[in-house]
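Input: a single structure, listed below in structure tokens.
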Amino acid sequence: MQVLKSHPASSADLGLIGARLDRLPATRTIWTYVLLLSLGGFFEYYDLFFTGYIAPGLVQSGILTTTTPGLFGTTGIAGFVAAMFSGLFIGTAVFGFVADRFGRRSIFTFSLLWYTAASIAMAFQRDVFGLNLWRFIAGIGVGVELVTIDTYLSELVPRELRGRAFAFNATIQFCAVPVVALLAWLLVPIAPLGLDGWRWVVLIGAASAIFVWWIRRRVPESPRWLAQHGRIEDAERVLAGLEARVLAESGAPLAAPAKPGAASTRGSFIEIWQAPYLRRTVMLVVFNLFQTVGFYGFSNWVPTLLIARGIAVTSSLQYTFVIAIAAPFGPLLAVTLADKLERKWLIVAAAFGIALFGMLFGQMTAGSLLIVFGVLLTVSNNILSFSFHAYQAELYPTRVRALAVGFVYSWSRLSVVFSSFVIAFFLDRFGAGGVFALIAGSMLVVMLAIGWLGPRTTNLALETISG
Numbered sequence: 446m447q448v449l450k451s452h453p454a455s456s457a458d459l460g461l462i463g464a465r466l467d468r469l470p471a472t473r474t475i476w477t478y479v480l481l482l483s484l485g486g487f488f489e490y491y492d493l494f495f496t497g498y499i500a501p502g503l504v505q506s507g508i509l510t511t512t513t514p515g516l517f518g519t520t521g522i523a524g525f526v527a528a529m530f531s532g533l534f535i536g537t538a539v540f541g542f543v544a545d546r547f548g549r550r551s552i553f554t555f556s557l558l559w560y561t562a563a564s565i566a567m568a569f570q571r572d573v574f575g576l577n578l579w580r581f582i583a584g585i586g587v588g589v590e591l592v593t594i595d596t597y598l599s600e601l602v603p604r605e606l607r608g609r610a611f612a613f614n615a616t617i618q619f620c621a622v623p624v625v626a627l628l629a630w631l632l633v634p635i636a637p638l639g640l641d642g643w644r645w646v647v648l649i650g651a652a653s654a655i656f657v658w659w660i661r662r663r664v665p666e667s668p669r670w671l672a673q674h675g676r677i678e679d680a681e682r683v684l685a686g687l688e689a690r691v692l693a694e695s696g697a698p699l700a701a702p703a704k705p706g707a708a709s710t711r712g713s714f715i716e717i718w719q720a721p722y723l724r725r726t727v728m729l730v731v732f733n734l735f736q737t738v739g740f741y742g743f744s745n746w747v748p749t750l751l752i753a754r755g756i757a758v759t760s761s762l763q764y765t766f767v768i769a770i771a772a773p774f775g776p777l778l779a780v781t782l783a784d785k786l787e788r789k790w791l792i793v794a795a796a797f798g799i800a801l802f803g804m805l806f807g808q809m810t811a812g813s814l815l816i817v818f819g820v821l822l823t824v825s826n827n828i829l830s831f832s833f834h835a836y837q838a839e840l841y842p843t844r845v846r847a848l849a850v851g852f853v854y855s856w857s858r859l860s861v862v863f864s865s866f867v868i869a870f871f872l873d874r875f876g877a878g879g880v881f882a883l884i885a886g887s888m889l890v891v892m893l894a895i896g897w898l899g900p901r902t903t904n905l906a907l908e909t910i911s912g
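Each number in the working numbering comes from the position in the sequence shown (counting from 1) with 445 added on.
Written out as structure tokens, the structure is:
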């Protein structure tokens with residue numbers, strides 16, 4: 446086993462760290478790390494997705510209205526959604542760099558505690574200003590967490606496992622969707638112990654704080670990040686321990702590390718606007734601006750879209766729960782294919798499915814058909830989600846990965862802020878069919894951007910992809 450020297454880090458050191466990680470087989474230890482990070486993501490997705498499911502309860506309690514007379518009214522559901530995604534924009538764009546500076550492990554924990562505390566505060570608000578303020582603050586923490594988990598996961602797992610690891614991660618994360626949908630169906634129409642049901646949905650999710658330190662104690666810091674910051678001895682200690690556990694579990698000698706390529710030890714924001722990253726940055730900005738119109742245009746609005754079709758609140762939440770059960774199945778179906786199919790084409794295929802099934806959903810009136818096409822749309826949405834989370838984290842080097850992913854991903858958060866108001870406008874003027882026509886047009890842009898500009902990444906080393 447090669448032991449790396451202490452300070453300072455060289456490009457050879459960084460390349461060797463990556464090569465040693467990439468040669469590891471997929472043993473119980475590797476999958477345990479993936480599971481633990483995914484559990485952190487479960488709580489994050491619970492917080493992210495309850496927005497749409499508690500919206501009918503917020504309208505029912507008189508805090509919000511379904512739509513507003515003006516396009517940018519803040520007292521409607523669109524304003525509530527916009528508050529969350531404004532925070533997400535700040536978290537990803539402004540604070541995306543903190544995981545590069547302070548470490549993946551520390552920021553993974555801190556951001557989870559941040560948005561949990563903010564959600565607890567939001568659960569006790571009784572006016573729209575307080576509600577939106579604390580939702581905005583929670584969004585900052587969720588935004589930082591989103592970037593950190595993607596970066597953390599891409600650096601910890603071997604290259605031949607990345608696709609499956611992200612698919613598994615997404616499966617666990619999206620299990621939060623049927624959970625929050627079920628709780629909303631059961632609790633939103635009632636007020637247990639005199640407390641509005643939507644408040645219970647929020648508070649139950651906040652219990653995630655109990656698990657934070659348990660997860661933190663069991664997940665190591667990224668050896669790539671440690672080496673990048675000159676902490677070669679720490680990187681060696683973490684990696685040697687990981688190699689020893691993997692060796693014991695596999696029962697076979699570890700393969701020799703591939704010849705490492707040189708890895709630059711320094712990076713800056715300017716670098717993502719230079720070759721070979723300029724093309725990737727432009728592509729991902731365009732992609733993120735439009736993909737959220739389809740993803741959140743459905744997930745944040747599905748109960749409201751059903752109510753707009755004349756379905757009662759309770760029945761709407763029931764239909765939504767049945768549709769939400771499908772949420773983990775998109776990534777689950779892709780677990781065996783994620784490292785066999787090229788990720789860029791998986792994204793394109795999923796975007797086509799969103800456009801097609803969305804248009805069909807928008808034309809249906811029968812409950813059974815609404816559920817069928819809602820399920821197909823949800824599966825397509827979530828295949829797209831796990832695929833692009835893996836994809837964009839692969840396209841930049843370790844030295845700027847969290848910063849770059851945070852920057853390009855922040856455009857999706859900004860997009861949701863404005864598209865929420867546009868969707869509310871389309872719903873008011875053109876009905877559910879108009880909303881899904883908007884979604885289909887957005888998916889066409891996604892297919893063109895990724896299909897035309899996207900590089901191939903499947904089964905390539907991170908250091909190779911990043912140039």
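Note that CB positions come from ideal geometry on N, CA and C, so glycine has one too.
Practice prompt. Would you kindly work out how many angstroms separate the C-alpha atoms of L557 and V853, rounded to a whole number?
Written response: What you label residue 557 is simply residue 112 of the sequence shown in a count that begins at 1. What you label residue 853 is simply residue 408 of the sequence shown in a count that begins at 1. Rounded to whole angstroms, L557 to V853 spans 21 Å at the Cα level.
Discussion item. Within 10 Å of its beta-carbon, does T903 have 16 or more other beta-carbons around it, so buried, or fewer, so exposed?
Written reply: On the sequence shown, position 458 is the one that residue 903 refers to. Buried is the call here.
Discussion item. Does G418 pass the burial test, meaning 16 or more other C-beta atoms within 10 Å, or should it be called exposed?
Written reply: A query on residue 418 cannot be resolved here, the shown segment of the chain reaching from 446 to 912 and no further.
Worksheet item: Ordered along the chain, which non-local residues of its own chain (more than five positions away) have a Cβ less than 7 Å from that of V891?
Response: The count along the sequence shown starts at 1 and reaches residue 891 at position 446. Excluding sequence neighbours, V891 sits near F732, F735, Q736, A796.
Item to complete: For the region 803 to 810 and the region 636 to 656, state whether three or more C-beta atom pairs, one from each stretch, are separated by less than 8 Å.
Response: no
Discussion item. Considering only their Cβ atoms, is the gap separating G878 from Q808 smaller than 8 Å?
Written reply: Working through the sequence shown from its first residue, we reach residue 808 at position 363. Working through the sequence shown from its first residue, we reach residue 878 at position 433. Yes, Cβ-Cβ distance for Q808 and G878 is below 8 Å.
Worksheet item: The alpha helix (DSSP H) with N733 in it runs from where to where?
Response: Position 288 of the sequence shown, counted from the start, is the residue given in the question as residue 733. Looking at the DSSP string, the run of the alpha helix (DSSP H) that includes N733 is 722 to 744.
Worksheet entry | Which listed residue (A621, L848, F740, R754) has its alpha carbon closest to that of F833 | In the sequence shown, counting from the first residue as 1, residue 833 sits at position 388. For the residues A621, L848, F740, R754, the minimum Cα distance to F833 belongs to F740.
Worksheet item: From W476 to P776, what does the alpha carbon distance come to, in whole angstroms?
Response: Start at 1 with the first residue of the sequence shown, and residue 476 comes out as number 31. Start at 1 with the first residue of the sequence shown, and residue 776 comes out as number 331. Going by the C-alpha atoms only, they are around 16 Å apart.
Worksheet item: Hey, out of R669, P623, G798, whose CA is closest to I768's CA?
Response: Residue numbering aside, residue 768 sits at position 323 when the sequence shown is read from its first letter. Of the candidates R669, P623, G798, the one whose C-alpha sits nearest the C-alpha of I768 is P623.
Practice prompt. Could you please give me the residues that DSSP links to G485 through a beta bridge?
Written response: For the purposes of this step, residue 485 is taken as the residue at position 40 of the sequence shown. Paired residues: none, contrary to the question.
Worksheet item: Helix, strand or coil for G521 per DSSP?
Response: Counted from its first residue, the sequence shown places residue 521 at position 76. Correct three-state label for G521: strand.
Discussion item. Are the CB atoms of I717 and V845 within a distance shorter than 8 Å?
Written reply: For the purposes of this step, residue 845 is taken as residue 400 along the sequence shown, with counting starting at 1. For the purposes of this step, residue 717 is taken as residue 272 along the sequence shown, with counting starting at 1. Cβ distance < 8 Å, so V845 and I717 count as in contact.
Worksheet item: When DSSP builds the beta bridges, which residues end up paired with T510?
Response: As a first step, residue 510 is located in the sequence shown; it is residue number 65 there, counting from the start. For T510, which the question treats as bridged, DSSP gives the partners G521.
Item to complete: Take L778 as the anchor and find which of Q505, F619, G675 has the nearest alpha-carbon.
Response: Indexing the sequence shown from 1 puts residue 778 at position 333. For L778, the nearest C-alpha among the options comes from F619.
Worksheet item: Looking only at its own chain, which residues have a Cβ that is under 6 Å from the Cβ of S865, when we skip the five neighbours before and after it?
Response: Walking along the sequence shown from the start, residue 865 turns up at place 420. Taken in chain order, the residues that qualify are A523, V526, A527.
Discussion item. According to DSSP, simplified to helix, strand and coil, what is R580?
Written reply: For the purposes of this step, residue 580 is taken as residue 135 along the sequence shown, with counting starting at 1. Three-state DSSP puts R580 in a helix.
Worksheet item: In angstroms, rounded to a whole number, what distance separates the CA positions of G502 and E681?
Response: Here residue 502 refers to the residue found at position 57 when the sequence shown is read from its first residue. Here residue 681 refers to the residue found at position 236 when the sequence shown is read from its first residue. Each residue's alpha carbon lies about 52 Å from the other.
Worksheet entry | Whole-angstrom distance between L907 and N826, CA atom to CA atom | Mapped onto the sequence shown, residue 826 falls at position 381. Mapped onto the sequence shown, residue 907 falls at position 462. Answer to the nearest angstrom: the Cα atoms are 26 Å apart.
Worksheet item: Going straight from the alpha carbon of V602 to that of A629, what length do you get?
Response: Here residue 602 is taken as the residue at index 157 of the sequence shown, counted from 1. Here residue 629 is taken as the residue at index 184 of the sequence shown, counted from 1. For V602 and A629, the distance between alpha carbons rounds to 35 Å.
Worksheet item: For the putative contact between L469 and L699, defined by C-beta atoms under 8 Å, what is the C-beta separation to the nearest angstrom?
Response: Here residue 469 refers to the residue found at position 24 when the sequence shown is read from its first residue. Here residue 699 refers to the residue found at position 254 when the sequence shown is read from its first residue. Confirmed, about 7 Å.
Worksheet item: Helix, strand or coil for F569 per DSSP?
Response: Mapped onto the sequence shown, residue 569 falls at position 124. Three-state result, F569: coil.
Discussion item. Which of the three DSSP states is assigned to T474 in this structure?
Written reply: The residue you call residue 474 lines up with position 29 of the sequence shown. It is helical.
Discussion item. If we require 3 or more residues per run, which beta strand (DSSP E) segments fall completely within the region 845 to 869?
Written reply: none
Item to complete: Kindly indicate which three-state DSSP category E605 falls into: helix, strand or coil?
Response: Mapped onto the sequence shown, residue 605 falls at position 160. Helix at E605.
Worksheet entry | Reduced DSSP category for D492 - H, G, I as helix; E, B as strand; rest coil | Translated into the one-based positions of the sequence shown, residue 492 becomes position 47. Residue state, collapsed to three classes: helix.
Practice prompt. Would you mind giving the Cβ-Cβ distance between T810 and R754, rounded to the nearest angstrom? I have them listed as a contact below 8 Å.
Written response: By 1-based counting over the sequence shown, the position of residue 810 is 365. By 1-based counting over the sequence shown, the position of residue 754 is 309. The Cβ separation is near 7 Å, so the contact holds.
Discussion item. Less than 8 Å between the C-beta atoms of T520 and V573, yes or no?
Written reply: The count along the sequence shown starts at 1 and reaches residue 520 at position 75. The count along the sequence shown starts at 1 and reaches residue 573 at position 128. Yes, they are a contact pair.
Worksheet item: When the Cα atoms are used, what is the spatial distance from A612 to A783?
Response: Here residue 612 refers to the residue found at position 167 of the sequence shown. Here residue 783 refers to the residue found at position 338 of the sequence shown. Their backbone Cα atoms lie some 7 Å apart in a straight line.
Worksheet entry | Rounded distance between the beta-carbons of L533 and G588, thought under 8 Å | Locating residue 588 in the sequence shown gives position 143, where the first residue counts as 1. Locating residue 533 in the sequence shown gives position 88, where the first residue counts as 1. So it is a contact: roughly 4 Å between Cβ atoms.
Discussion item. Can you tell me whether I816 is buried or exposed? The criterion is at least 16 other CB atoms within 10 Å of its CB, across all chains shown.
Written reply: For the purposes of this step, residue 816 is identified with residue 371 of the sequence shown, where counting begins at 1. With 16 or more Cβ atoms within 10 Å of its Cβ, I816 is classed as buried.
Worksheet entry | Complete runs of the alpha helix (DSSP H) confined to the region 582 to 669 [at least 4 residues] | 607 to 619, 621 to 632, 642 to 651, 654 to 661
Worksheet item: Grouping DSSP H, G and I as helix and E and B as strand, with all else coil, what is M809?
Response: The residue given as residue 809 occupies position 364 in the sequence shown. If DSSP states are grouped into helix, strand and coil, M809 belongs with coil.
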